[in-house]
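Numbering (the working numbering), first residue to last: 43 to 353. For glycine and all other residues, C-beta sits at the position ideal for the given N, C-alpha and C. Before any comments, here is the structure.
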Amino acid sequence: MDFPQEHSLQQIATIIQSDFVGDKDFPVLGMNEIHVVRAGDIVFVDHPKYYDKALNSAATVILINKDVECPQGKALLISDDPFRDFNKLTEYFKPFQKSKKQVSASAEIGMNTVIQPHVFIGNHVKIGKNCFIHSNVSIYDHTIIGDNVTIHAGTVLGADAFYYKKRDSGFDKLKSGGKVVIKNNVDIGAACTIDRGVTGETIIGEGTKIDNQVQIGHDTVIGELCLIASQVGIAGCVVIENEVTIWGQVGITSGITIGEKAVISAQSGVSKSLAGNKSYFGTPADSFRKKYKELASIRLIPSLIEKIDKL
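Okay, structure coming up:
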């Protein structure tokens with residue numbers, strides 16, 4: 043998430059009321075999660091397991107809960123609760139903006155786009171030309187939709203990320219300041235939900251077709267010309283490369299990559315990254331041929347037990 047203008051390290055420290063290590067005029071350009079950070083970004087880390095990863099990432103400002111040696115060319119923000127202070131920055135730079143109309147006055151809608159009754163379009167939404175948005179679709183703030191996109195009834199684009207930290211008092215939510223980006227020629231079925239990024243973008247690639255009742259988590263990037271069937275659940279921060287086919291009721295865990303032209307059969311559970319140009323099946327998902335050999339072997343178990351009993 044880019045800031046509207048460059049800020050100094052001291053300005054950021056003042057917003058969150060933290061100490062800092064580095065030149066008070068050190069430039070800060072934005073904030074992002076670890077998997078999408080760039081030079082000029084703030085990244086937060088609050089667990090020793092991830093200190094080195096954050097300190098050695100592309101981020102040049104690290105919001106951290108320990109006084110550590112500052113890497114050369116970087117700066118630190120020292121906080122007793124980086125999670126809380128990352129939320130403070132999201133609230134400061136991307137505050138919730140109440141909508142006063144069913145279609146916001148700041149929304150941009152292209153030529154020949156049809157908006158059916160009872161569609162909600164939030165602030166600063168951009169929709170291209172020749173789109174068809176069916177009734178009861180909700181498009182949250184800052185969503186970007188390309189040309190020739192069809193979105194069927196009841197779909198929600200841009201709801202918050204499902205991201206919580208366990209506290210003694212319950213769950214603390216990581217606030218979302220990202221967006222959803224739908225490229226050209228995408229079809230999205232009825233009652234789908236595509237969550238926005240925490241600080242970055244959830245992206246649906248050009249020409250991809252999504253069936254009804256599909257859930258896509260925050261910061262997931264889906265490539266071009268993918269087919270995703272009904273009732274698929276995709277967690278956050280997943281990368282699905284071009285021309286992947288995912289059949290009904292597949293579940294995909296967070297932070298993994300599905301390679302180009304992979305095919306995942308119905309009701310599979312994907313718990314690790316899968317190479318492209320292969321077919322997969324089962325839970326945990328594995329090579330289609332291997333899984334069917336395993337199932338065939340399992341069917342032999344009763345007869346083998348019967349033979350052993352006779353011995």
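{"Item": "Nearest-angstrom Cα separation, counted from residue 82 out to residue 45", "Value": "10 Å"}
{"Item": "Beta-carbon proximity list for residue 186, same chain, < 6 Å, skipping 5 on both sides", "Value": "168 and 223"}
{"Item": "Residue 192 - partner residues in DSSP beta bridges", "Value": "174 and 229"}
{"Item": "Residue closest to residue 174, alpha-carbon to alpha-carbon, out of 229, 271 and 207", "Value": "229"}
{"Item": "Given 8 Å, three or more beta-carbon pairs between the segment 156 to 170 and the segment 84 to 97", "Value": "no"}
{"Item": "Neighbourhood of residue 76 by C-beta, 7 Å cutoff - its chain only, sequence neighbours within 5 removed", "Value": "85, 95, 96 and 99"}
{"Item": "Closest Cα partner of residue 247 within the set 296, 284, 318 and 51", "Value": "284"}
{"Item": "Residue range of the unbroken alpha helix (DSSP H) whose run includes residue 339", "Value": "330 to 341"}
{"Item": "Short Cβ contact (8 Å threshold) for residue 227 with residue 190", "Value": "yes"}
{"Item": "Nearest residue (CA-CA) to residue 237, options 277, 225, 210 and 270", "Value": "277"}
{"Item": "Chain-order list of residues whose beta-carbon lies under 8 Å from that of residue 204 (same chain, five-residue window excluded)", "Value": "237, 259, 260 and 278"}
{"Item": "Per-residue DSSP class, three states only, for residue 57", "Value": "helix"}
{"Item": "Buried/exposed call for residue 346, threshold 16 Cβ in 10 Å", "Value": "exposed"}
{"Item": "Buried versus exposed call for residue 147 [16 or more other C-beta atoms within 10 Å across all chains shown]", "Value": "exposed"}
{"Item": "Contact check, residue 293 vs residue 308, beta carbons under 8 Å", "Value": "no"}
{"Item": "Beta-carbon gap between residue 58 and residue 118 smaller than 8 Å", "Value": "no"}
{"Item": "Span of the beta strand (DSSP E), counted from its first residue to its last, around residue 46", "Value": "44 to 50"}
{"Item": "Residue from 202, 328, 234 and 231 whose Cα sits closest to the Cα of residue 242", "Value": "202"}
{"Item": "Option nearest residue 70 by Cα separation, candidates 48, 89 and 234", "Value": "48"}
{"Item": "Under 8 Å between C-beta atoms of residue 275 and residue 225", "Value": "no"}
{"Item": "Beta-carbon contacts of residue 215 that lie in its chain and below 6 Å, excluding the five residues immediately before and after", "Value": "206"}
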